[in-house]
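Working notes, beginning with the structure itself.
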Amino acid sequence: MSTAPARPHHSFQTDDAALRPIAEKVTAGQRLDAADALALYRSGDILAVGWMANLVRERLHGDRTYFNVNRHINPTNVCVAACRLCAFGRKKDSPGAYTMALEEVFRIAGEGYSEAVTEFHIVGGLHPDLPFQYFTDLIAGLKQRFPQVHLKAFTMVEIGYFAKRYKLSSEEVLRQLKEAGLDSLPGGGAEIFADRIRHIICDHKIDGDEWLATARLAHQMGLRSNATMLYGHVEGDEDRVDHLLKLRALQDETGGFQTFIPLAFHPENTALRHLPKTTGLLDIRQVAVSRLVLDNFPHIKAYWQMLTPKIAQISLRFGADDLDGTVIEEKIYHDAGATTPQGLRRQELVRLITEAGREPVERDTLYRAVTRTETTVSIGV
Ligand code: V47
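Start counting the sequence shown at 7; every next residue gets the next number (my numbering).
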């Protein structure tokens with residue numbers, strides 16, 4: 007397979023005068039402010055924006071591009087929240103509502119096992135009737151059956167709901183889940199922090215400040231997490247900038263975020279289905295702006311399930327250093343009309359990365375390199 011050399015690069019060039027001072031800051035390793043971030047969103051010169059994001063990406067990671075072999079498990083789609091952005095949640099008596107018995111969760115977890123999964127990504131709806139023990143038993147049962155698999159489970163929104171529903175503090179919820187075997191938390195549920203937008207897209211779940219407070223707490227308790235932003239619906243550039251700056255401020259405080267994942271809104275089958283889908287240019291710009299503004303986040307993930315493998319591949323030259331995983335059986339975006347395949351095999355991820363002139367590195371959830379032979383898997387420390 008022929009691979010284009012990643013270097014040498016051309017020097018920075020742009021016709022957009024607003025980008026010149028930003029390029030100076032980026033080259034000097036200085037932090038960008040809100041006005042800079044807005045200028046990046048509004049610039050017509052996407053290649054210049056990408057050039058800067060790529061510089062930062064290569065400073066941090068060279069050509070290394072991460073992926074993992076994971077499996078998503080969504081134990082229930084029953085949800086009290088009814089977010090307008092979501093096509094996945096169901097009221098408990100509605101057609102299509104499901105809740106897995108724990109044995110079913112364990113069976114499904116085992117199905118992808120021959121692919122040597124290193125991570126289970128577990129998120130679900132806010133179910134009003136399950137006891138808290140369902141969740142602690144789910145984590146403990148998976149840990150017992152698959153001790154080498156990292157359990158990345160429950161968004162800040164689920165943690166907040168468990169606290170409210172079971173009348174526990176968020177700290178106690180996290181403590182019990184951690185004791186059961188929870189290893190880290192995914193980045194979902196952040197959406198857009200600004201109240202005005204949150205009221206439109208997801209009125210009935212924790213607000214932006216609570217999301218951030220829960221992430222802070224998790225990090226203080228030694229749990230790493232990711233962070234997301236849902237873009238391409240009713241938010242404006244200012245709302246995106248506000249979201250990114252709030253995440254950056256919290257990361258300055260805790261250092262607990264590993265990866266930022268911009269999530270492109272999929273309108274189909276949601277209450278916002280009249281909205282258009284995001285365009286390729288917006289997707290790529292969002293990856294680049296994220297890389298430039300979130301200077302303290304180690305990784306920017308181009309989640310191929312959301313972006314399509316084609317856009318995710320291109321974004322590897324616009325700031326992203328991670329493609330996420332093989333993701334066997336994804337439901338949340340496929341319910342919202344995603345047409346991407348449900349899972350990509352390892353070799354296909356490797357091909358996407360190599361053809362982008364990058365070096366594929368299989369990682370575990372904590373970004374340690376995974377080495378495989380025919381019969382063994384070992385994780386570097
Ligand atoms: O929070 C829901 C989003 C998120 C729709 O941490 C939708 O590694 C688009 O957070 N269109 C959950 N998006 C997924 C998530 C995630 C994914 C991959 C990796 C990681 C990680 C986290 O999905 C929700 C919400 O923002 N979502 N409905 C929709 N119609």
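The C-beta atom is built at its ideal place from N, Cα and C for all residues, glycine as well.
Here the structure is a predicted model, which is why all the values come from computation and not from measurement.
Are the Cβ atoms of residue 107 and residue 96 separated by less than 8 angstroms?
no
How about residue 185 and residue 371: are their beta carbons less than 8 angstroms apart?
no
Assigned exposure category for residue 127 - 16 Cβ within 10 Å defines buried
With 16 or more Cβ atoms within 10 Å of its Cβ, residue 127 is classed as buried.
Alpha carbon to alpha carbon, how far is residue 2 from residue 21?
Examination of residue 2 is not possible in this model, given that the chain is present from 7 through 387 alone.
Could you give the distance in angstroms between the alpha-carbon of residue 110 and the alpha-carbon of residue 233?
Rounded to the nearest angstrom, the gap between the Cα atoms of residue 110 and residue 233 is 29 angstroms.
Could you tell me whether any non-hydrogen atom of ligand 1 is closer than 7 angstroms to the CB of residue 325?
no
Cα-Cα separation, residue 280 to residue 89:
15 angstroms
C-beta contact flag for residue 59 and residue 298 at 8 angstroms:
yes
Using 8 angstroms as the cut-off, can you tell me whether the region 190-199 makes contact with the region 162-174, which would need three or more C-beta pairs spanning the two stretches below that distance?
yes
Sort 313, 27, 270, 225 by Cα distance to residue 261 and report the nearest one.
225
In angstroms, rounded to a whole number, what distance separates the CA positions of residue 182 and residue 142?
7 angstroms
Indicate the three-state DSSP secondary structure (helix, strand or coil) for residue 328 in the structure shown.
Shown here, residue 328 sits in a strand according to DSSP, grouped into three states.
According to DSSP, simplified to helix, strand and coil, what is residue 376?
strand
What first and last residue would you give for the alpha helix (DSSP H) that runs through residue 165?
From DSSP, the alpha helix (DSSP H) with residue 165 extends over 162-171.
Any heavy atom of ligand 1 closer than 7 angstroms to the CB of residue 85?
no
DSSP on residue 158, reduced to helix/strand/coil?
Reduced to three states, the DSSP call for residue 158 is strand.
Quick one: what does DSSP say residue 270 is sitting in, helix, strand or coil?
strand
Assigned exposure category for residue 292 - 16 Cβ within 10 Å defines buried
buried
Give a yes or no on contact between the region 204-217 and the region 253-260, applying the rule of three or more CB pairs nearer than 8 angstroms.
no
Identify the residues that DSSP records as bridge partners of residue 368: which are they?
Partner(s): 73.
How would you call residue 50, buried or exposed, if buried means at least 16 neighbouring beta carbons within 10 angstroms?
exposed
Contacting residues, own chain, Cβ-Cβ under 8 angstroms from residue 7 (five flanking each side not counted)
Because residue 7 sits at a pLDDT of 43, beneath the cut-off of 50, its placement in the model cannot be relied upon, and the point is left open.
Measuring alpha carbon to alpha carbon, tell me which of 92, 74, 230 ends up nearest residue 307.
74
Please state whether DSSP places residue 47 in a helix, a strand or coil.
Under the three-state reduction of DSSP, residue 47 is assigned to helix.
From the DSSP secondary-structure annotation, give me the bridge partner or partners of residue 126.
As DSSP reads the structure, residue 126 sits in a beta bridge with 77, 157.
In terms of residues, what are the limits of the beta strand (DSSP E) holding residue 233?
Element bounds for residue 233: 230-237.
Can you check whether the CB of residue 136 is closer than 8 angstroms to the CB of residue 115?
Contact flag unset, no.
Helix, strand or coil at residue 205 according to DSSP, with G and I counted as helix:
helix
Just to confirm, is the Cβ distance from residue 266 to residue 324 under 8 angstroms?
no
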